[in-house]
Amino acid sequence: MKEEVQNLIDTATLIMSESKDMLHDKGHISRMITDWNILSTKINKKIDCDVVVLAICWHDTWLATHNYEGIIGALFEYIYEGVGSMLMFNKIAKRECLDEKTRKDVAYAIKNHPGLPTSKHKTIEAKILWDVDNLETWSWERLVGMYEENKSNKQMIAMAKTYFEIVMKKRTSDRLYFDWSKSEFDKRKKVFLEKIRQYEKDGVVRL
Ligand SMILES: [Fe+2]
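Anchor point for the sequence shown: position 75 equals 63 in the working numbering, and the numbering is continuous, going up by one each time.
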């Protein structure tokens, strides 16, 4: 691996390991890398692996370093997070003298990773980032960690419940690009919803 790529991975890893946001921390990145390692064996097309790994490592660095509260804050984060992380990546990538093609391809994937349900990604690396990030929707470790940390915060739990009911539950695998990710999404969603139902029944999770 090129030295500048390794340095950029190390810098992002440091930023993510210091994140106070449990939804966007080092665990989120390492689970996505694990999924990418599997997905990479299922795609029979030319992929720039440096671009994928850098995009995964840097895509949430802005969220990991900024925190805006309330609904307006959450909305601003949603609108700006792609651009914010892209600018952070660009700055350090230029300092590390990363070649321009790699830098631009990573920047494109990061900028477009939040996306709208209608957006279409133009590069295979951006599609991969989109898929492995979306698989994280159903990470039990991620969501339960968040719940445990915030269960005494009534406003936060109310917002999470609304998000769960009107956004998460309605998400389908249609917007994912690769067959493996689509089938994983469906499998993980099913397991997640079954677990939530059981936990609610047992009174462990109160949503
Ligand atoms: Fe993410």
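Positions of the beta carbon are idealized from the N, C-alpha and C atoms, including for glycine.
Status (buried if at least 16 other CB within 10 Å, exposed otherwise) for residue i
i, result
"residue -11", "exposed"
"residue 114", "buried"
"residue 154", "exposed"
"residue 66", "exposed"
"residue -4", "buried"
"residue 118", "buried"
"residue 5", "exposed"
"residue 241", "As displayed, the chain neither begins before -11 nor continues past 195, which places residue 241 out of reach and without an answer."
"residue 179", "exposed"
"residue 77", "buried"
"residue 173", "buried"
"residue 69", "buried"
"residue 59", "exposed"
Cβ-Cβ distance between residue i and residue j below 8 Å
i, j, result
"residue 166", "residue 30", "yes"
"residue 116", "residue 24", "yes"
"residue 38", "residue -7", "yes"
"residue -2", "residue 55", "no"
"residue 15", "residue 176", "no"
"residue 183", "residue 128", "yes"
"residue 46", "residue 0", "yes"
"residue 169", "residue 11", "no"
"residue 44", "residue 21", "yes"
"residue 52", "residue 13", "yes"
Start-to-end residues for the alpha helix (DSSP H) that takes in residue i
i, result
"residue 200", "Shown here, the chain extends from -11 to 195; a query on residue 200 therefore has no answer."
"residue 37", "37 to 46"
"residue 128", "128 to 138"
"residue 72", "58 to 83"
"residue 21", "14 to 27"
"residue 51", "49 to 53"
"residue 120", "112 to 123"
"residue 150", "142 to 151"
"residue 179", "167 to 190"
Residue i CB to nearest heavy atom of ligand 3 below 7 Å
i, result
"residue 141", "This structure simply doesn't include ligand 3; it includes ligand 1 instead."
- Query: Closer than 5 Å from C-beta to any heavy atom of ligand 1: which residues, in chain order?
  - Reply: 48, 121
- Message: If contact is defined by three or more beta carbon pairs under 8 Å, each pair taking one atom from either stretch, is the segment 90 to 106 in contact with the segment 134 to 148?
- Response: no
- Message: Check whether the segment 94 to 110 and the segment 73 to 83 touch, using three or more Cβ-Cβ pairs below 8 Å as the test.
- Response: Per the Cβ contact rule, the segment 94 to 110 is in contact with the segment 73 to 83 (3 or more Cβ pairs under 8 Å).
- Message: Check whether the segment 154 to 170 and the segment 115 to 124 touch, using three or more Cβ-Cβ pairs below 8 Å as the test.
- Response: At 8 Å Cβ cutoff, the stretches touch.
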